[in-house]
Amino acid sequence: MGKLSTIANMSRYEQMNYYRAKRKDAYSQLQTLNSQANALVSVKLSEAQGLGNLAAKIAYQRGTNKTA
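Each residue of the sequence shown is one higher than the one before, counting from 1 in the numbering used here.
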């Protein structure tokens with residue numbers, strides 16, 4: 001990152017290009033983090049569904065064992 005005094009010494013056009021490049025980099029980082037977050041959500045959702053299925057199976061087995 002450029003120093004504030006260096007940026008202030010740039011022309012308006014150079015400043016515009018500098019900040020445009022910074023926004024482009026920030027946007028690409030945001031996309032990367034977003035894809036990582038979506039992957040984590042997918043894993044956690046699968047984990048929660050698996051635990052729910054396990055709990056349902058245990059409850060079903062307990063219910064069938066009491067009536068038999």
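Note that CB positions come from ideal geometry on N, CA and C, so glycine has one too.
Item	Value
Distance, M16 Cα to A26 Cα	15 Å
M10 vs Y19 beta-carbon contact at 8 Å	no
Reduced DSSP category for S42 - H, G, I as helix; E, B as strand; rest coil	helix
Whole-angstrom distance between S28 and L45, CA atom to CA atom	26 Å
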